[in-house]
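Enquirer: Please read through the structure below; I'll follow up with questions.
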Amino acid sequence: MQRMRQRHRTGDTLHVPMRRGCVAYALRSRWREGNYWDDDVHDYADLNWDTVDVLTQKIANVFKEYCEMNDKVLLLLHNTIQLPLSLLAASRVGIIAVVLNPARFYVDAIKDVLKETQPKLVVTIDAFWQANVLLETKKCLDLAIEESEVTSIEKVLVIRHTGPNPGIPPPDKFIIGRRPYYKLEVKMNDSVDILWTTLMKQADPNCEVVWLPRDHPFAILPEWDPTIRLRTVSTGQLLRAVEKYSREVMSFCLSLPHPQTPLGLVGCLAPWFGGMVLATFEGILDWPDPSRLKHVIAKYEVTSAILPTCKLDPEYMSFVAVPTLRRIITEVGNASTLEENFSDVEIIEMDVEKSLR
1 MQRMRQRHRT
11 GDTLHVPMRR
21 GCVAYALRSR
31 WREGNYWDDD
41 VHDYADLNWD
51 TVDVLTQKIA
61 NVFKEYCEMN
71 DKVLLLLHNT
81 IQLPLSLLAA
91 SRVGIIAVVL
101 NPARFYVDAI
111 KDVLKETQPK
121 LVVTIDAFWQ
131 ANVLLETKKC
141 LDLAIEESEV
151 TSIEKVLVIR
161 HTGPNPGIPP
171 PDKFIIGRRP
181 YYKLEVKMND
191 SVDILWTTLM
201 KQADPNCEVV
211 WLPRDHPFAI
221 LPEWDPTIRL
231 RTVSTGQLLR
241 AVEKYSREVM
251 SFCLSLPHPQ
261 TPLGLVGCLA
271 PWFGGMVLAT
281 FEGILDWPDP
291 SRLKHVIAKY
301 EVTSAILPTC
311 KLDPEYMSFV
321 AVPTLRRIIT
331 EVGNASTLEE
341 NFSDVEIIEM
351 DVEKSLR
(Lines of atoms letter the chains of each structure in order from A and count residues from 1; the text may use other names and numbers.)
(Lines give C-alpha, C1' and ligand atoms only; values in the text may rest on other atoms or scores of the structure.)
Protein backbone atom coordinates (compact mmCIF):
# COMPACT_ATOMS: atom_id res chain seq x y z
CA MET A 1 0.00 0.00 0.00
CA GLN A 2 1.41 3.37 -1.02
CA ARG A 3 1.75 5.88 1.76
CA MET A 4 0.06 9.20 1.21
CA ARG A 5 2.16 12.32 0.93
CA GLN A 6 0.21 15.35 2.07
CA ARG A 7 0.16 18.29 -0.33
CA HIS A 8 -1.95 21.40 -0.75
CA ARG A 9 -2.90 23.31 -3.85
CA THR A 10 -5.36 26.12 -4.37
CA GLY A 11 -8.09 25.72 -6.92
CA ASP A 12 -8.99 22.14 -5.98
CA THR A 13 -12.48 22.28 -4.52
CA LEU A 14 -14.34 19.36 -3.09
CA HIS A 15 -17.63 21.19 -2.53
CA VAL A 16 -17.96 22.89 0.84
CA PRO A 17 -15.70 25.94 1.42
CA MET A 18 -13.21 23.88 3.40
CA ARG A 19 -10.18 25.88 4.49
CA ARG A 20 -11.73 28.92 2.86
CA GLY A 21 -11.58 27.49 -0.65
CA CYS A 22 -8.36 25.48 -0.46
CA VAL A 23 -8.73 21.74 -0.07
CA ALA A 24 -5.94 19.37 0.85
CA TYR A 25 -4.91 16.94 -1.85
CA ALA A 26 -3.90 13.35 -1.24
CA LEU A 27 -2.60 10.61 -3.50
CA ARG A 28 -5.08 8.22 -1.96
CA SER A 29 -8.02 9.57 -0.01
CA ARG A 30 -10.22 6.66 0.98
CA TRP A 31 -9.98 3.01 2.06
CA ARG A 32 -13.05 0.90 2.82
CA GLU A 33 -12.96 -2.47 4.57
CA GLY A 34 -16.00 -4.72 4.10
CA ASN A 35 -17.63 -7.32 6.31
CA TYR A 36 -16.05 -10.55 5.02
CA TRP A 37 -12.60 -11.71 6.06
CA ASP A 38 -10.50 -14.83 5.71
CA ASP A 39 -6.85 -15.56 4.96
CA ASP A 40 -7.30 -15.52 1.19
CA VAL A 41 -10.22 -13.20 0.40
CA HIS A 42 -10.53 -9.59 1.48
CA ASP A 43 -13.53 -7.38 0.70
CA TYR A 44 -12.08 -3.90 0.36
CA ALA A 45 -11.87 -0.91 -1.97
CA ASP A 46 -9.70 2.17 -2.28
CA LEU A 47 -10.26 5.50 -4.03
CA ASN A 48 -7.72 8.15 -4.96
CA TRP A 49 -8.47 11.83 -4.57
CA ASP A 50 -9.30 12.43 -8.23
CA THR A 51 -11.87 9.63 -8.11
CA VAL A 52 -13.42 11.06 -4.95
CA ASP A 53 -13.65 14.47 -6.60
CA VAL A 54 -15.26 13.13 -9.79
CA LEU A 55 -17.72 10.91 -7.92
CA THR A 56 -18.74 13.73 -5.60
CA GLN A 57 -19.55 15.97 -8.55
CA LYS A 58 -21.41 13.19 -10.37
CA ILE A 59 -23.51 12.45 -7.29
CA ALA A 60 -24.24 16.15 -6.82
CA ASN A 61 -25.51 16.38 -10.40
CA VAL A 62 -27.73 13.34 -9.86
CA PHE A 63 -29.17 14.90 -6.71
CA LYS A 64 -29.87 18.12 -8.64
CA GLU A 65 -32.02 16.19 -11.12
CA TYR A 66 -34.58 15.41 -8.41
CA CYS A 67 -33.99 18.02 -5.71
CA GLU A 68 -33.72 21.76 -5.41
CA MET A 69 -31.75 23.69 -2.83
CA ASN A 70 -33.02 23.00 0.72
CA ASP A 71 -34.80 19.82 -0.33
CA LYS A 72 -33.92 16.70 1.66
CA VAL A 73 -32.25 13.47 0.61
CA LEU A 74 -32.44 10.49 2.96
CA LEU A 75 -29.15 8.59 3.06
CA LEU A 76 -30.22 5.16 4.32
CA LEU A 77 -26.71 3.73 4.23
CA HIS A 78 -24.35 1.94 6.59
CA ASN A 79 -20.60 2.67 6.56
CA THR A 80 -20.15 2.19 2.85
CA ILE A 81 -18.16 4.25 0.36
CA GLN A 82 -21.15 6.12 -0.98
CA LEU A 83 -22.13 7.65 2.38
CA PRO A 84 -19.41 10.31 2.86
CA LEU A 85 -19.41 10.98 -0.88
CA SER A 86 -23.17 11.61 -0.77
CA LEU A 87 -22.80 13.89 2.24
CA LEU A 88 -20.29 16.01 0.37
CA ALA A 89 -22.34 15.94 -2.82
CA ALA A 90 -25.53 17.08 -1.11
CA SER A 91 -23.79 19.98 0.58
CA ARG A 92 -22.11 20.96 -2.68
CA VAL A 93 -25.51 21.96 -4.10
CA GLY A 94 -27.32 23.03 -0.93
CA ILE A 95 -29.38 19.86 -0.47
CA ILE A 96 -29.91 18.71 3.13
CA ALA A 97 -28.80 15.18 3.96
CA VAL A 98 -30.83 13.12 6.42
CA VAL A 99 -28.59 10.34 7.75
CA LEU A 100 -29.96 7.03 9.04
CA ASN A 101 -27.97 3.90 9.91
CA PRO A 102 -29.77 0.77 8.61
CA ALA A 103 -27.59 -1.42 10.82
CA ARG A 104 -29.46 -0.09 13.86
CA PHE A 105 -32.78 1.29 12.64
CA TYR A 106 -35.40 -0.63 10.71
CA VAL A 107 -38.96 -0.25 9.39
CA ASP A 108 -40.56 1.69 12.26
CA ALA A 109 -37.65 4.12 12.53
CA ILE A 110 -37.55 4.63 8.76
CA LYS A 111 -41.29 5.42 8.84
CA ASP A 112 -40.69 8.04 11.54
CA VAL A 113 -37.93 9.67 9.52
CA LEU A 114 -39.93 9.67 6.28
CA LYS A 115 -42.93 11.31 7.96
CA GLU A 116 -40.87 13.93 9.78
CA THR A 117 -38.50 14.90 6.96
CA GLN A 118 -40.53 14.31 3.76
CA PRO A 119 -37.46 13.64 1.58
CA LYS A 120 -37.63 14.08 -2.17
CA LEU A 121 -34.91 11.51 -2.75
CA VAL A 122 -33.69 8.37 -0.97
CA VAL A 123 -30.33 6.69 -1.43
CA THR A 124 -30.14 3.14 -0.11
CA ILE A 125 -28.55 -0.24 -0.73
CA ASP A 126 -30.05 -3.60 -1.60
CA ALA A 127 -28.69 -5.33 1.52
CA PHE A 128 -25.52 -5.79 3.56
CA TRP A 129 -23.95 -8.28 5.91
CA GLN A 130 -23.30 -7.70 9.59
CA ALA A 131 -21.23 -10.75 10.48
CA ASN A 132 -23.39 -13.67 9.27
CA VAL A 133 -26.68 -11.73 9.38
CA LEU A 134 -28.05 -10.33 6.13
CA LEU A 135 -29.89 -7.02 6.59
CA GLU A 136 -32.21 -6.42 3.62
CA THR A 137 -32.39 -2.65 3.70
CA LYS A 138 -34.31 -2.17 0.46
CA LYS A 139 -37.12 -4.42 1.72
CA CYS A 140 -37.31 -2.43 4.97
CA LEU A 141 -37.48 0.82 3.02
CA ASP A 142 -40.22 -0.45 0.70
CA LEU A 143 -42.35 -1.49 3.66
CA ALA A 144 -41.73 1.82 5.45
CA ILE A 145 -42.74 3.83 2.39
CA GLU A 146 -45.91 1.77 1.99
CA GLU A 147 -46.94 1.99 5.64
CA SER A 148 -46.03 5.66 6.12
CA GLU A 149 -47.95 6.69 2.98
CA VAL A 150 -45.37 9.42 2.35
CA THR A 151 -45.79 10.94 -1.13
CA SER A 152 -42.80 13.30 -1.25
CA ILE A 153 -40.32 10.75 -2.66
CA GLU A 154 -39.61 11.17 -6.36
CA LYS A 155 -36.91 8.55 -6.71
CA VAL A 156 -35.16 5.83 -4.71
CA LEU A 157 -31.56 5.31 -5.80
CA VAL A 158 -30.59 1.70 -5.11
CA ILE A 159 -26.94 0.72 -4.75
CA ARG A 160 -26.25 -2.88 -5.70
CA HIS A 161 -24.00 -3.69 -2.76
CA THR A 162 -24.60 -7.35 -1.96
CA GLY A 163 -26.61 -8.65 -4.90
CA PRO A 164 -24.76 -10.09 -7.92
CA ASN A 165 -24.26 -8.31 -11.22
CA PRO A 166 -26.64 -9.57 -13.91
CA GLY A 167 -25.32 -12.30 -16.16
CA ILE A 168 -22.62 -13.55 -13.82
CA PRO A 169 -23.17 -17.23 -12.94
CA PRO A 170 -23.36 -18.18 -9.26
CA PRO A 171 -20.49 -20.00 -7.55
CA ASP A 172 -20.63 -23.66 -6.62
CA LYS A 173 -20.71 -22.74 -2.95
CA PHE A 174 -22.47 -19.92 -1.10
CA ILE A 175 -20.45 -18.37 1.72
CA ILE A 176 -22.39 -16.64 4.49
CA GLY A 177 -21.17 -13.09 5.11
CA ARG A 178 -19.50 -12.72 1.73
CA ARG A 179 -20.49 -10.58 -1.26
CA PRO A 180 -22.00 -11.05 -3.78
CA TYR A 181 -24.81 -13.15 -2.38
CA TYR A 182 -26.73 -14.84 -5.19
CA LYS A 183 -29.71 -15.80 -3.06
CA LEU A 184 -30.61 -12.16 -2.47
CA GLU A 185 -33.74 -11.05 -4.30
CA VAL A 186 -34.42 -7.33 -4.62
CA LYS A 187 -37.77 -6.02 -5.87
CA MET A 188 -37.51 -2.90 -8.03
CA ASN A 189 -40.45 -0.57 -8.62
CA ASP A 190 -39.83 0.83 -12.11
CA SER A 191 -41.78 4.00 -11.42
CA VAL A 192 -39.67 4.99 -8.40
CA ASP A 193 -36.55 2.83 -8.06
CA ILE A 194 -33.46 3.27 -10.20
CA LEU A 195 -30.04 1.67 -9.94
CA TRP A 196 -27.27 3.91 -8.65
CA THR A 197 -24.83 2.69 -11.31
CA THR A 198 -27.22 3.65 -14.11
CA LEU A 199 -27.26 7.27 -12.97
CA MET A 200 -23.54 7.41 -12.19
CA LYS A 201 -22.65 6.31 -15.73
CA GLN A 202 -24.79 9.07 -17.21
CA ALA A 203 -23.95 11.88 -14.77
CA ASP A 204 -21.86 14.90 -15.72
CA PRO A 205 -18.53 14.86 -13.80
CA ASN A 206 -18.54 18.66 -13.42
CA CYS A 207 -20.74 20.42 -10.89
CA GLU A 208 -20.35 24.00 -9.72
CA VAL A 209 -20.16 24.64 -5.99
CA VAL A 210 -23.05 26.44 -4.33
CA TRP A 211 -21.53 28.59 -1.60
CA LEU A 212 -23.62 28.34 1.54
CA PRO A 213 -24.12 30.55 4.59
CA ARG A 214 -22.79 29.15 7.84
CA ASP A 215 -26.28 28.54 9.23
CA HIS A 216 -27.37 26.41 6.26
CA PRO A 217 -28.23 22.86 7.41
CA PHE A 218 -25.52 20.38 6.45
CA ALA A 219 -27.22 17.28 7.84
CA ILE A 220 -30.15 16.12 9.92
CA LEU A 221 -29.38 13.37 12.44
CA PRO A 222 -32.48 11.55 13.76
CA GLU A 223 -32.47 10.61 17.45
CA TRP A 224 -35.03 8.78 19.59
CA ASP A 225 -35.66 9.46 23.29
CA PRO A 226 -38.06 7.62 23.06
CA THR A 227 -39.84 9.57 20.30
CA ILE A 228 -38.05 10.93 17.27
CA ARG A 229 -36.11 14.18 17.46
CA LEU A 230 -34.40 15.69 14.44
CA ARG A 231 -31.04 17.22 15.23
CA THR A 232 -29.78 19.69 12.63
CA VAL A 233 -26.05 20.33 12.23
CA SER A 234 -25.31 23.50 10.28
CA THR A 235 -22.49 23.89 7.79
CA GLY A 236 -20.73 26.37 10.07
CA GLN A 237 -20.99 24.11 13.13
CA LEU A 238 -19.67 21.13 11.22
CA LEU A 239 -16.72 22.95 9.66
CA ARG A 240 -15.63 24.32 13.04
CA ALA A 241 -15.71 20.84 14.58
CA VAL A 242 -14.06 19.21 11.56
CA GLU A 243 -11.22 21.71 11.70
CA LYS A 244 -10.58 20.95 15.38
CA TYR A 245 -10.52 17.20 14.82
CA SER A 246 -8.40 17.49 11.69
CA ARG A 247 -5.58 18.95 13.79
CA GLU A 248 -5.36 15.70 15.76
CA VAL A 249 -5.69 13.02 13.05
CA MET A 250 -2.61 11.57 11.37
CA SER A 251 -2.00 10.37 7.80
CA PHE A 252 -4.08 7.13 7.58
CA CYS A 253 -7.13 7.64 9.81
CA LEU A 254 -9.79 5.02 10.56
CA SER A 255 -13.14 6.60 11.47
CA LEU A 256 -15.35 3.96 13.05
CA PRO A 257 -18.59 5.67 14.23
CA HIS A 258 -21.52 6.01 11.82
CA PRO A 259 -22.24 9.54 10.52
CA GLN A 260 -25.73 9.45 12.02
CA THR A 261 -23.91 10.27 15.25
CA PRO A 262 -22.20 13.65 15.75
CA LEU A 263 -18.82 11.96 16.26
CA GLY A 264 -19.28 9.91 13.11
CA LEU A 265 -20.31 12.91 11.03
CA VAL A 266 -17.28 14.92 12.14
CA GLY A 267 -15.02 11.87 11.99
CA CYS A 268 -15.74 10.95 8.37
CA LEU A 269 -14.84 14.45 7.15
CA ALA A 270 -11.97 15.50 9.44
CA PRO A 271 -9.28 13.36 7.73
CA TRP A 272 -10.18 14.75 4.29
CA PHE A 273 -10.23 18.30 5.65
CA GLY A 274 -6.68 17.79 6.89
CA GLY A 275 -5.46 16.15 3.69
CA MET A 276 -5.33 12.68 5.22
CA VAL A 277 -6.51 9.27 4.05
CA LEU A 278 -9.88 8.19 5.43
CA ALA A 279 -10.46 4.50 6.19
CA THR A 280 -13.87 3.09 7.10
CA PHE A 281 -15.13 -0.32 8.19
CA GLU A 282 -18.60 -1.68 7.48
CA GLY A 283 -18.53 -4.90 9.51
CA ILE A 284 -18.81 -5.51 13.25
CA LEU A 285 -16.00 -5.65 15.78
CA ASP A 286 -16.47 -9.20 17.05
CA TRP A 287 -16.66 -11.10 13.75
CA PRO A 288 -15.07 -13.44 12.88
CA ASP A 289 -13.55 -12.89 16.34
CA PRO A 290 -13.16 -9.96 18.78
CA SER A 291 -9.73 -9.01 17.42
CA ARG A 292 -11.22 -7.71 14.14
CA LEU A 293 -10.61 -4.03 14.90
CA LYS A 294 -6.88 -4.57 15.31
CA HIS A 295 -6.75 -6.69 12.16
CA VAL A 296 -8.25 -3.79 10.20
CA ILE A 297 -5.80 -1.33 11.76
CA ALA A 298 -2.85 -3.60 11.00
CA LYS A 299 -3.96 -4.39 7.44
CA TYR A 300 -4.14 -0.75 6.37
CA GLU A 301 -1.26 0.46 8.54
CA VAL A 302 -3.58 2.93 10.24
CA THR A 303 -1.75 5.66 12.14
CA SER A 304 -4.72 7.29 13.87
CA ALA A 305 -8.30 6.30 14.65
CA ILE A 306 -11.52 7.98 15.69
CA LEU A 307 -13.33 5.49 17.91
CA PRO A 308 -16.67 5.70 19.73
CA THR A 309 -17.45 3.97 23.00
CA CYS A 310 -17.47 0.26 22.14
CA LYS A 311 -17.02 -3.11 23.80
CA LEU A 312 -13.60 -4.67 23.24
CA ASP A 313 -12.11 -7.94 24.44
CA PRO A 314 -8.62 -7.30 25.90
CA GLU A 315 -7.61 -10.97 25.59
CA TYR A 316 -8.37 -11.21 21.88
CA MET A 317 -7.07 -7.71 21.20
CA SER A 318 -3.71 -8.66 22.70
CA PHE A 319 -3.17 -11.26 19.97
CA VAL A 320 -2.70 -8.65 17.22
CA ALA A 321 0.07 -6.05 17.08
CA VAL A 322 -0.65 -2.60 15.60
CA PRO A 323 2.79 -0.97 15.38
CA THR A 324 1.69 1.84 13.06
CA LEU A 325 -1.12 3.12 15.30
CA ARG A 326 0.03 6.22 17.16
CA ARG A 327 -3.09 8.05 18.27
CA ILE A 328 -6.77 7.40 19.06
CA ILE A 329 -9.36 10.16 19.33
CA THR A 330 -12.41 9.18 21.33
CA GLU A 331 -15.35 10.42 23.36
CA VAL A 332 -15.03 11.91 26.82
CA GLY A 333 -14.94 9.13 29.44
CA ASN A 334 -13.80 6.36 27.07
CA ALA A 335 -10.02 6.62 27.45
CA SER A 336 -9.65 4.09 30.27
CA THR A 337 -11.37 1.35 28.24
CA LEU A 338 -9.16 2.00 25.23
CA GLU A 339 -5.96 2.16 27.29
CA GLU A 340 -6.60 -1.43 28.35
CA ASN A 341 -6.58 -2.52 24.70
CA PHE A 342 -4.08 -0.04 23.22
CA SER A 343 -1.46 0.35 25.93
CA ASP A 344 1.22 1.94 23.71
CA VAL A 345 -1.04 4.39 21.88
CA GLU A 346 -1.70 8.03 22.70
CA ILE A 347 -5.40 8.45 23.52
CA ILE A 348 -7.09 11.84 23.30
CA GLU A 349 -10.58 12.50 24.62
CA MET A 350 -12.48 15.21 22.72
CA ASP A 351 -15.96 16.57 23.38
CA VAL A 352 -17.68 16.54 20.00
CA GLU A 353 -20.74 18.32 21.40
CA LYS A 354 -18.57 21.21 22.57
CA SER A 355 -16.82 21.31 19.20
CA LEU A 356 -20.18 21.61 17.41
CA ARG A 357 -21.37 24.60 19.44
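Quick note: the sequence shown uses UniProt numbering, first residue 1, plus one each step. Backbone N, C-alpha and C define an ideal beta-carbon position, used for all residues, glycine too.
#1: Taking the Cβ atom as the reference point for each residue, do P314 and E331 lie within a distance shorter than 8 Å?
#2: Between which two residues does the beta strand (DSSP E) containing D193 stretch?
#3: Does DSSP put L88 in a helix, in a strand, or in coil?
#4: To the nearest angstrom, how far is it from the Cα of E147 to the Cα of V107?
#5: Mind reading off the beta-carbon distance from L338 to I329? Whole number of angstroms is fine, and I expect it under 8 Å.
#6: Taking the alpha helix (DSSP H) that C207 falls in, what are its first and last residues?
#7: Can you tell which of L87, L75 and V352 has the C-alpha that lies nearest to the C-alpha of F218?
#8: Between K173 and the rest of its own chain, which residues show a CB-CB distance below 8 Å, the 5 nearest in sequence each way excluded?
#9: Starting from A144 and walking both ways along the alpha helix (DSSP H), at which residues does that stretch end?
#10: Alpha carbon to alpha carbon, how far is R160 from K138?
#11: Short check: CB of S152 to CB of P102, under 8 Å?
#12: Measuring alpha carbon to alpha carbon, tell me which of V122, D50 and I110 ends up nearest Y66.
#13: Could you check what DSSP says for K111 in three-state terms: helix, strand or coil?
#14: Using the C-alpha atoms, what's the distance from V233 back to P284?
#15: Determine the DSSP secondary structure at F342, reduced to helix, strand or coil.
#16: How should G21 be labelled, buried or exposed, when 16 other C-beta atoms within 10 angstroms of its C-beta is the threshold for buried?
#17: Are at least three pairs of beta-carbons, each pair with one atom in the region 319–328 and one in the region 290–308, less than 8 Å apart?
#18: Excluding five sequence neighbours on each side, which residues of the same chain lie with their C-beta closer than 6 Å to the C-beta of D351?
Expert: Working from what's here:
#1: Along the sequence shown, one-based indexing puts residue 314 at 314. Along the sequence shown, one-based indexing puts residue 331 at 331. No, these two residues do not count as a Cβ contact at 8 Å.
#2: For this step, residue 193 is matched to residue 193 along the sequence shown. It spans D193 to L195 - the beta strand (DSSP E) in which D193 sits, taken as one unbroken run.
#3: Taking the sequence shown and counting its residues from 1, one reaches residue 88 at position 88. Helix.
#4: Position 147 of the sequence shown, counted from the first residue, corresponds to residue 147. Position 107 of the sequence shown, counted from the first residue, corresponds to residue 107. If you take the alpha carbons of E147 and V107, they lie about 9 Å apart.
#5: As a working mapping, residue 338 is identified with position 338 in the sequence shown. As a working mapping, residue 329 is identified with position 329 in the sequence shown. Here L338 is actually not in contact with I329; their C-beta atoms are around 10 Å apart, not less than 8 Å.
#6: Along the sequence shown, one-based indexing puts residue 207 at 207. Here C207 belongs to no alpha helix (DSSP H), and DSSP marks it neither H nor E.
#7: Translated into positions along the sequence shown, residue 218 becomes position 218. Out of L87, L75 and V352, the CA that lies nearest to the CA of F218 is found in L87.
#8: Against the sequence shown, residue 173 aligns to sequence position 173. Its chain contains no residue whose beta carbon lies nearer than 8 Å to that of K173 once the 5 sequence neighbours on both sides are disregarded.
#9: Against the sequence shown, residue 144 aligns to sequence position 144. A144 -> alpha helix (DSSP H) spans T137 to S148.
#10: Start at 1 with the first residue of the sequence shown, and residue 160 comes out as number 160. Start at 1 with the first residue of the sequence shown, and residue 138 comes out as number 138. Each residue's Cα considered, the two are about 10 Å apart.
#11: Translated into positions along the sequence shown, residue 152 becomes position 152. Translated into positions along the sequence shown, residue 102 becomes position 102. S152 is not a Cβ neighbour of P102, given a cutoff of 8 Å.
#12: If you number the sequence shown from 1, residue 66 lands on position 66. Comparing alpha-carbon positions, the option among V122, D50 and I110 lying closest to Y66 turns out to be V122.
#13: Position 111 of the sequence shown, counting from 1, holds the residue named residue 111. K111: helix per DSSP, three-state reduction.
#14: Residue mapping note: residue 284 aligns to position 284 of the sequence shown, counting from 1. Residue mapping note: residue 233 aligns to position 233 of the sequence shown, counting from 1. A quick correction: the sequence has Ile, not Pro, at residue 284. Taking the straight line from one Cα to the other gives about 27 Å.
#15: Here residue 342 refers to the residue found at position 342 when the sequence shown is read from its first residue. If DSSP states are grouped into helix, strand and coil, F342 belongs with coil.
#16: For this step, residue 21 is matched to residue 21 along the sequence shown. No answer about G21 holds up, because its pLDDT of 27 lies below 50 and its placement is not dependable.
#17: Three or more pairs of CB atoms, one per stretch, sit closer than 8 Å, so the region 319–328 contacts the region 290–308.
#18: As a first step, residue 351 is located in the sequence shown; it is residue number 351 there, counting from the start. Excluding sequence neighbours, D351 sits near V332.
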